[in-house]
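Okay, so here's the structure we're looking at.
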Amino acid sequence: MEVTRFNPKVDTFSYYSTSRAEQVLDTISTVLNVGLTPLQLKYPATYGDSSVIGTRLDFTFPLEEFVVTGSISQVNTVMNRSIEHIEDLSAEEVNELILPLFDTVQRLTYDVSEIALDEPGISLDFEQLTKESQ
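Following our numbering, the residues of the sequence shown are numbered contiguously, the last one being 184.
This is the structure in structure tokens:
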């Protein structure tokens, strides 16, 4: 699948330190919502047989030292393919489209925690985080 991507857009990103997180830590759970939407274009002839897919990741990750929450989105053009419904994509193709969103969350979390904690940043383990939320 050939994909042309716009840069991911960080709609919101919040970091709460342990002192702030302790106040609500018992009520916070891991949230991971992924959305994909075929977008209708005002000028579809510009893209020919290609499709434009919007991806979005809403997340909340409570960790021992802090909590991060936010929302990140991205617009992707899938070249030379007509996609009218998300069901037209395989699981592997969906993963390929959403991976840059997770990479952005990972980078933001690492960089912000490195600055806030004044030590090497925290790397998120998405597999472990999603297991905890189930």
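Here a beta-carbon is modelled for each residue, glycine too, at the ideal position from N, C-alpha and C.
- Contact annotation: the stretch 57-67 touches the stretch 149-166, with at least three C-beta pairs closer than 8 Å.
- In the structure shown, residue 165 falls within a helical segment according to DSSP collapsed to helix, strand and coil.
- Residue pairing by DSSP places residue 55 opposite 126 in a beta bridge.
- Taking the Cα of residue 85 as reference, the smallest distance to any Cα among 55, 125, 170, 161 is reached at 125.
- The Cβ-Cβ distance between residue 88 and residue 98 does not fall below 9 Å.
- When DSSP states are grouped into helix, strand and coil, residue 174 belongs to the coil group.
- For the pair residue 55 and residue 127, the CB atoms are nearer than the 9 Å cut-off.
- Annotation: residue 82 to residue 100 spans about 29 Å, alpha carbon to alpha carbon.
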